[in-house]
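Counting in our numbering, the sequence shown runs without a single skipped number right up to 310 at its last residue.
Encoded as structure tokens, the structure appears first; notes follow it.
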Amino acid sequence: MSGSAANARIVAGNWKMHMGPSRARAFVEAFRHPEGREQVEVLLFPPAVSLATLVDGLRGRGVQARLGVQNIHPEREGAFTGEISAEMAREAGARFILVGHSERRQIFGESPDDTARKIAAAFRAGLTPLLCVGETLVERQAGRLEEVLGRHLDAALSPRGIRDRIHDGERFLVAYEPVWAIGTGETATPADASGAHAFIRSRLESLLGDGASGIPILYGGSVKPANAAELLNAQGVDGVLVGGASLDPVSFAKIIDGAP
Ligand code: PGA
Numbered sequence: 051m052s053g054s055a056a057n058a059r060i061v062a063g064n065w066k067m068h069m070g071p072s073r074a075r076a077f078v079e080a081f082r083h084p085e086g087r088e089q090v091e092v093l094l095f096p097p098a099v100s101l102a103t104l105v106d107g108l109r110g111r112g113v114q115a116r117l118g119v120q121n122i123h124p125e126r127e128g129a130f131t132g133e134i135s136a137e138m139a140r141e142a143g144a145r146f147i148l149v150g151h152s153e154r155r156q157i158f159g160e161s162p163d164d165t166a167r168k169i170a171a172a173f174r175a176g177l178t179p180l181l182c183v184g185e186t187l188v189e190r191q192a193g194r195l196e197e198v199l200g201r202h203l204d205a206a207l208s209p210r211g212i213r214d215r216i217h218d219g220e221r222f223l224v225a226y227e228p229v230w231a232i233g234t235g236e237t238a239t240p241a242d243a244s245g246a247h248a249f250i251r252s253r254l255e256s257l258l259g260d261g262a263s264g265i266p267i268l269y270g271g272s273v274k275p276a277n278a279a280e281l282l283n284a285q286g287v288d289g290v291l292v293g294g295a296s297l298d299p300v301s302f303a304k305i306i307d308g309a310p
């Protein structure tokens, strides 16, 4: 499954630390899923404090978006001030979890081992992980793209229990997010994205064998209405993960409209 016309695309919005409950409410009230694009799977990752508002707002309006959280602590519960667990996120209405976002890795020091523990916690709680991988500009310029992507994937999938879950049919998503394209206005070309996605697909195949075939690979980094359609149509691109342009219901809907 990779970017062929037959596969429904995924459009995910990562709101980061934007959109508290009142703005989240305004978003759902204004959002219209484009007609004729009902097959596109829409995911939203709001701040955890806005989950309840979205659960309520989506239910009332029949909007087919599914919700996730941007981070969890790997333990179930305990003395971890400021953290939430996968179980709590699920109870609050989340069905997905972003793991390994470059902002978590770079600003909050999330290690490859943390990433694997969070994926295991997500499966334990019944959440679908969306693992983000990507290289910095310095790494890209040094010709280390594949080394970095490989390292991120190997670490995330190193625990046997995680690979078994995926083999047993648990859903797992990957996003290629080149760090130099996040929030910068710089976008990878469709050819850049296709090249990286092909590498990710082959690494997933060597780690998971036929368990890799159902894993969608999304592209993320300065996706906006003007470039969404060409990225969503690029070879090997199964969807997009959108930051800034997902905060506005009109531009988010235009991105969904760009899906084949
Ligand atoms: P951006 O963010 O679309 O604002 O570049 C993407 C992301 O970080 O997921």
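In this text, a Cβ means the ideal position worked out from N, Cα and C, and glycines have one as well.
Computed from a prediction, not measured in an experiment: that's the story for all the values here.
Open item on the list: Can you list, in chain order, the residues of its chain with a C-beta nearer than 7 angstroms to that of Leu-281? Leave out the 5 residues immediately preceding and following it.
Closed with: Pro-240, Ala-243, Tyr-269, Val-273, Val-287 and Val-290
Open item on the list: Please classify Ser-316 as buried or exposed, where buried requires at least 16 other C-beta atoms within 10 Å of its C-beta.
Closed with: The question about residue 316 has no answer here: the residues shown for the chain are numbered 51 through 310.
Task: Distance cut-off 8 angstroms: His-202 Cβ against heavy atoms of the ligand PGA - done: no
Open item on the list: I'd like to confirm something about Glu-79: is its beta-carbon nearer than 8 angstroms to some heavy atom of the ligand PGA, or not?
Closed with: At a threshold of 8 angstroms, Glu-79 does not count as near the ligand PGA, since its beta carbon sits no closer than that to any of the ligand's heavy atoms.
Task: Beta-carbon proximity list for Ser-54, same chain, < 7 angstroms, skipping 5 on both sides - done: Caution is warranted here: a pLDDT of 47 is assigned to Ser-54, below 50, making its placement in the model unreliable, and the coordinate value is therefore given only provisionally. Taken in chain order, the list of residues that qualify is empty.
Task: Any non-hydrogen atom of the ligand PGA closer than 8 angstroms to Ser-152 Cβ - done: yes
Task: Cβ neighbours of Phe-130 in the same chain (closer than 6 angstroms, five flanking residues each side left out) - done: His-123
TODO: Can you tell me which of the three DSSP states Glu-236 falls into?
DONE: coil
Task: Distance, Ala-248 Cα to Ser-52 Cα - done: Model confidence at Ser-52 stands at a pLDDT of 45, short of 50, so the residue's coordinates are unreliable and nothing is read from them.
Open item on the list: With a threshold of 8 angstroms, are at least 3 pairs of Cβ atoms found where one atom belongs to the region 148-157 and the other to the region 96-113?
Closed with: no
- [ ] Return the Cβ separation of Ala-144 and Val-183 in integer angstroms, given the expectation that the two are a contact with Cβ distance under 8 angstroms.
- [x] About 21 angstroms separates the two Cβ atoms, so there is no contact after all.
- [ ] Could you tell me which residues DSSP puts in a beta bridge with Asn-64?
- [x] Phe-95
Open item on the list: Following a CB-centred definition, is Ala-225 positioned closer than 8 angstroms to any heavy atom of the ligand PGA?
Closed with: yes
Open item on the list: Please report the straight-line C-alpha distance between Glu-127 and Ala-172, rounded to a whole angstrom.
Closed with: 14 angstroms
Task: Any non-hydrogen atom of the ligand FMN closer than 8 angstroms to Gly-271 Cβ - done: Absence of the ligand FMN from the depicted structure is noted, with the ligand PGA being the only ligands included.
- [ ] Apply the 10 Å Cβ neighbour rule to His-202 and answer buried if 16 or more other Cβ atoms are within range, or exposed otherwise.
- [x] buried
- [ ] May I have the straight-line CA-CA distance separating Ile-232 from Ala-58, to the nearest angstrom?
- [x] 24 angstroms
- [ ] State yes or no: is the C-beta of Ser-161 nearer than 8 angstroms to some heavy atom of the ligand PGA?
- [x] no
TODO: Please confirm if Gly-200 has its CB atom under 9 angstroms from at least one CB of chain C.
DONE: The chain inventory of the structure shown lacks chain C, comprising one protein chain alone.
Task: Backbone CA spacing between Leu-108 and Ala-295 [nearest angstrom] - done: Between Leu-108 and Ala-295, the alpha-carbon positions lie close to 20 angstroms from each other.
TODO: Go ahead and pull the three-state DSSP assignment for Arg-27.
DONE: Nothing about residue 27 can be read from this structure; the chain reaches only from 51 to 310.
Task: Three-state secondary structure (DSSP) of Phe-77 - done: Under the three-state reduction of DSSP output, Phe-77 falls in the helix class.
Task: DSSP three-state assignment for Pro-71, whether helix, strand or coil - done: helix
Task: Contiguous alpha helix (DSSP H) assignments of at least 4 residues, all confined to the region 121-175 - done: 136-141, 152-157 and 162-175
TODO: Indicate the three-state DSSP secondary structure (helix, strand or coil) for Asp-181 in the structure shown.
DONE: Residue 181 is actually Leu in this sequence, not Asp. For Leu-181, the three-state secondary structure derived from DSSP is strand.
TODO: Can you have a look at Glu-236 and say buried or exposed, based on whether 16 or more other CB atoms are within 10 angstroms of its CB?
DONE: exposed
Open item on the list: Measuring straight from C-alpha to C-alpha, what distance separates Arg-82 and Ala-309?
Closed with: 15 angstroms
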